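Residue numbers (this note's numbering): 466 to 1439.
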């Protein structure tokens, strides 16, 4: 055993707790049953079969209030894997559920038997016909697909609030729509064709001219049944009229029976049925969308009303004026959204009864936009608006930043309100639609219903389409609270159907919580037809049972998950999954959501249970060690949950007193450590990579893989012994070369000017000279200790750098320019919680400037660009995202190159200081998609602004990456 191997027991929850009623039973501690695991492994390969109990638990939760633990998780790579799983399920009488993003709100992504991950290996967009169409794989997020379409001036019709995380497969399978899609821009109306694997294994490409002929040959019984059902429906005038009426408003409850009216052949009927089928008819392996114009002329307002019914009454006025989006938010929603970055703090003081409409007009040109604005002003003039707090403007704006802020608040409805719920409560999101003309009446009835059942109102929705969402929070561990929820649901469903003839699910699809009420809405005849469609397509009942059709009247009360309290930083999590696409370890081990899900299961268990023990054994590597700690999850999370910070805290808890003392000693003697590190790197050139790889490999096995870095061939040579000479009197800024740039030199292809030399030279060239203090050696931004959870070492170095910088900058009168984005973030923000009270006051007086901002704002306007390369690709770092200066990297790159490319899949490289050397597999996984983009073509330059991230990208791509400031110096050199 390595000398400093962490003890898994150090992370055992210490709080006193009672076992939860929905805890994973002890008999499941061994994970997947042995025979099942062996059979699937033989069929698919061990790397595609996840069988540890920690794997099963982390896949058991989605964004819904339900939780079902699968028997096994299969990570399918291709259609052959899908067919193999379906064949196995048929032969063994097993059940299969497909899961992509897991952002579904009704439990559609959960199964109790075989769960198939169809996100990881199912990403890709092919733009067709100049952007008029797009072929998209099911694991692709809506945001990623729209990024590929944006250069063509096109966009997808569906635009769900979860677009940053939800994937195309789920969007189509649920017929998700969103803010603007309504009934005309949703998947049902905009899917041109799709490829589906039926439960039998038959693959159907609905765009193939021969598809009907081939389907008739492969599935004659199915074709006959679809044809017969079509004839039966069309012969029933009353039923036909009812089906058409049900889809006049938004409706995703049940199967799309109008597919039998719209499709004239079995394949065309199948295309329509697959949309909104929630994974119960087959696996959608590819979708071709007809895209829509991306109207770029936008005018938006957030208008405040004295009450929810008053706001709802104004909706038709804006839709008649041509508004594309009219979004409703009640007072609870508005107040809760103050946790979202950019939302005015005084919204917390809004009166409870306040409501708001987010109204947006989009136009193809300025003239049309101005016409819309005139119509909107006329509407506003006739409204009784209120301004309860100072930030309220009640006016239309074209400012992209302000508009973005409004939409962030609206899209955070579920997560922000859910994040503010009482600790330990389960969140349910309901979604229904009524005829738009009756929206105000529905709002009043809903508020009364919530009040009578003791639920705090939280309402928002796509008001233009009569579609409302509301949230309910209750304690799933309390039988009386479950009964309260059950009574509410019974009354709510009857109200929606009998009073308003509405849809019980407008866009979130039936799922587990509305399946028992399907017949209430559709009636016996239509519901029986849906059962017959299911039996025709899936006669063995292999796919997703109980998700759309369920004869159990209490099915919506089965599998409700308890939410035990966990560490305060993570406790608000509603398991929405918005964090997952940005997580560097998403395809290697766990995601932020899964780290929290696993922690919650530990809290459900009794102390020392076999399940808890197995979870702890896996948690160290899967959750703590392979977290990059970049905290981009906090940026993606609407309520700012920083799971990276939690993992750093766990690293601290795993440290022995000896490790903490050793880390603190290194901080006290960092001058010697820094000098030794630079000399070791210099010696490496003489020793050779192979010897160093062997030596570090032995040391890692003897000491700890999480303490001793692995030597990588991409490690550059040593930096120069001395920094450039500078003069203080003429300097307009203090330049702080980060320790990484004092230890490591440039790439093999850039042995000339060092980064410190380039920064000094280009600053002087622009007439903005900088000064490097003589005593920077031995100082650091403290990130080395912070990222590893070494608390005392972090405190020592954080206070040292602030005290030193205070003196260098003459008490904050000069800015401190830092040449590595992660170090800028460290000094500007991350050190603050660890400073003494006196040093926190000093820090508040200082200005810390990233070198990108310095170069873009202070230098570039004063420089003459004399030469440019043909093309450059940039790697924006996660620290740049935190600092908000990503665009500065692009601005500087555009000064140095004729063409600048930001990879669509650019993300955190996970090198994270030295974590990429401790766990190289993490960086390899995190950079795989970005590296594929970069290496698909030739670039003249590969640019970033953080040396360790550049090393990580060099390892991923085999290309030399360097600082954009080096490129700027070359481009402006006389």
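Positions of the beta carbon are idealized from the N, C-alpha and C atoms, including for glycine. None of the values given here were measured: they were computed from a predicted structure.
Between the alpha carbons of residue 887 and residue 938 lies a gap of roughly 8 Å.
CA-CA distance, residue 1015 to residue 517, rounds to 30 Å. The beta-carbon separation of residue 648 and residue 714, rounded to 7 Å, stays under the 8 Å limit for a contact.
Beta-carbon to beta-carbon, residue 1085 and residue 478 are separated by about 15 Å, too far to satisfy the 8 Å threshold.
Residue 1192 sits exposed, since fewer than 16 C-beta atoms from the chains shown fall within 10 Å of its C-beta. Taking all protein chains in view, the Cβ of residue 772 is crowded by 16 or more other Cβ atoms within 10 Å, so the residue is classified as buried. Residue 1229 and residue 1282 have their C-alpha atoms roughly 14 Å apart.
The residues 473, in chain order, have a CB closer than 6 Å to that of residue 1082 in the same chain once the five nearest residues on each side in sequence are set aside.
Here residue 1249 has 1378 as same chain residues with Cβ atoms under 7 Å from its own Cβ, once five neighbours each way along the sequence are excluded. The DSSP assignment places complete alpha helix (DSSP H) segments of no fewer than 4 residues inside the region 615 to 645 at 633 to 639, in order along the chain. Under the three-pair Cβ rule at 8 Å, the region 1059 to 1073 counts as touching the region 514 to 528.
Under the 10 Å beta carbon count, residue 1330 is surrounded by fewer than 16 other beta carbons and is classified as exposed. Around the beta carbon of residue 571, 16 or more other beta carbons lie within 10 angstroms, which makes this residue buried. In the three-state DSSP reduction, residue 587 falls in the coil class, being neither helix nor strand.
Taking residue 692 as reference, the option from 1417, 998, 961 with the minimal CA-CA separation is 998.
The residues 1244, in chain order, have a CB closer than 6 Å to that of residue 1269 in the same chain once the five nearest residues on each side in sequence are set aside.
Among the bridge pairs identified by DSSP, residue 764 is matched with 826. The Cβ neighbour count for residue 767, taken over all protein chains shown within 10 Å, is at least 16; the residue is labelled buried.
Taking one beta carbon from each stretch, the region 774 to 781 and the region 790 to 803 have 3 or more pairs nearer than 8 Å; the two touch.
Beyond the five residues adjoining it in sequence on each side, residue 844 comes within less than 7 Å, by CB distance, of 782, 783, 786 in the same chain, given in chain order.
Runs of the alpha helix (DSSP H) lying entirely within the region 845 to 926, each at least 4 residues long, are 865 to 876, 878 to 884, 904 to 917 in chain order. Sixteen is the threshold: when 16 or more other Cβ atoms of the shown chains lie within 10 Å of the Cβ of residue 1113, as they do, the residue is buried. Here the alpha carbons of residue 882 and residue 906 stand approximately 24 Å from one another.
Per DSSP, residue 793 lies in no alpha helix (DSSP H); the unbroken beta strand (DSSP E) holding it starts and ends at 790 to 795.
A distance below 9 Å separates the beta carbons of residue 1255 and residue 1129.
Secondary structure of residue 932 (DSSP, three-state): strand. Burial check for residue 1003: the Cβ neighbour count within 10 Å reaches 16 or more, so the residue is buried. Shown here for residue 1369: same chain residues with a beta carbon closer than 6 Å to its own, the five before and five after excluded, namely 612 in chain order. Between residue 974 and residue 639, the C-beta gap is smaller than 9 Å, which places the two residues in contact.
In the structure shown, residue 1280 adopts coil according to DSSP, grouped into three states. With contacts defined as CB atoms closer than 9 Å, residue 750 and residue 661 qualify as a contacting pair. Comparing C-alpha distances from residue 1371 to each of 1023, 1054, 1421, 1412 shows the shortest one belongs to 1421. When C-alpha distances from residue 1223 are compared across 1287, 1434, 1238, the shortest belongs to 1434. In this structure, residue 567 and residue 1013 do not form a Cβ contact; the two beta carbons are roughly 18 Å apart against a cut-off of 8 Å. Between the alpha carbons of residue 1275 and residue 1240 lies a gap of roughly 15 Å.
Taken through DSSP and simplified to helix, strand or coil, residue 579 comes out as strand.
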